[in-house]
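Enquirer: Dropping a structure here in structure tokens format, bear with me for questions.
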Amino acid sequence: MNVMPSNGPRLLQITDTHLFADPAAEQAGVVPEARFRATLRAMAPWAATADGLLHTGDLVHDGSAPGYQRVRQALRSLDLPGLVMPGNHDDRDELQSTFAAGPVRAARTLELGEWTLIGLDSLQTGEVPGHLDESELAALDEALADCSTVYCLVAVHHPPFPVGTPWLDAIGLDNPDALFRRLAADHRVRAVVCGHVHMAFDGHANGCRTLSTPATATQFLAGAEAFAIDRGPPAFRWLDLRADGGIDTDVVRVTGV
Ligand SMILES: [Fe+2]
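This is the structure in structure tokens:
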């Protein structure tokens, strides 16, 4: 399936690629590199009809420079401008230096027609849960103040909303209210898009669409009380950002991995 965009820009989201310095490395019963490559092959025809790319963190599992270089090269092959942001497994310095320049960057914003994508950094070094510190919240305020498009979309690795999976809901963003106060005060913000939970979620909170996307690495079992793997395939998400402020979106599961 490869539907054409409706009437606005199309964004493709990939998340939680968890690459290692060694491309053959296994993690939680899968080879993340192989699943990442298969996902990119599946995304290629979609990229031809897309306008932007988003990676919501955990690019690399072991913080290694070769891992970041391979993610960068692979994402560039889709020939789209994009934003990346760190997850709890990332090395912030390595990520920021690797993605300091180029079409896919560790930047704050990316304009896509009448929409602005705003990326936030929720990484707390050495911690699994996420946090938006004062400087990051100030940067969000500044990005919203500078935003001249009709609508906005916020992307952050750690979900500020529960996904109904208790062990993951305990390790999401630890200060969601600070984020939602800002989003609720600005009606241009139509959605918050996340990674981290390695599963699909599509809901609403505080007047805002709340989305998470499966990893390309191993999936987590929805609804589990404690850590549990779902043997499902890798996936990516497409988001059609409509001119009326709505969002058409779904997850594409990658077969044959
Ligand atoms: Fe992850």
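Under the working numbering, think of the first position of the sequence shown as 969, with each following residue one higher. Even for Gly, the Cβ is constructed at its ideal location relative to N, Cα and C.
For TRP1206, collect the residues of the same chain with a Cβ closer than 8 Å to its Cβ; drop the 5 residues on either side in sequence, then sort them by chain order.
Expert: ARG978, LEU979, LEU980, GLN981, TRP1014, ALA1018, THR1217, ASP1218 and VAL1220.
Enquirer: Just jot down, in chain order, the residues whose CB lies closer than 5 Å to any heavy atom of ligand 1.
Expert: Ordered along the chain, the selected set is ASP984 and ASP1026.
Enquirer: Looking at the secondary structure, which residues open and close the beta strand (DSSP E) in which PHE1148 lies?
Expert: Here PHE1148 belongs to no beta strand (DSSP E); instead the alpha helix (DSSP H) covers 1144 to 1152.
Enquirer: The beta strand (DSSP E) spanning ALA1123 covers which residue range?
Expert: Where ALA1123 is concerned, the enclosing beta strand (DSSP E) stretches over 1119 to 1124.
Enquirer: Quick one: what's ILE1086 bridged to in DSSP?
Expert: According to DSSP, ILE1086 bridges with THR1077 and VAL1122.
Enquirer: So ASP1137 is in the alpha helix (DSSP H); what residue range does that whole segment cover?
Expert: Start and end: 1134 to 1137.
Enquirer: Residues bridged to VAL1028 by DSSP?
Expert: LEU987, per the DSSP bridge assignment.
Enquirer: Going by the DSSP bridge assignment, what does LEU1207 pair with across the sheet?
Expert: According to DSSP, which records beta bridges pairwise, LEU1207 is partnered with LEU979 and THR1217.
Enquirer: On the three-state DSSP scale, how would you describe GLN1187?
Expert: Strand.
Enquirer: THR1133: buried (16+ other C-beta within 10 angstroms of its C-beta) or exposed?
Expert: Buried, since its Cβ has 16 or more Cβ neighbours within 10 Å.
Enquirer: Ignoring anything shorter than 4 residues, give me the alpha helix (DSSP H) runs that lie fully in the segment 1003 to 1052, in order along the chain.
Expert: If we require 4 residues or more, the alpha helix (DSSP H) runs fully inside the segment 1003 to 1052 come out as 1033 to 1044.
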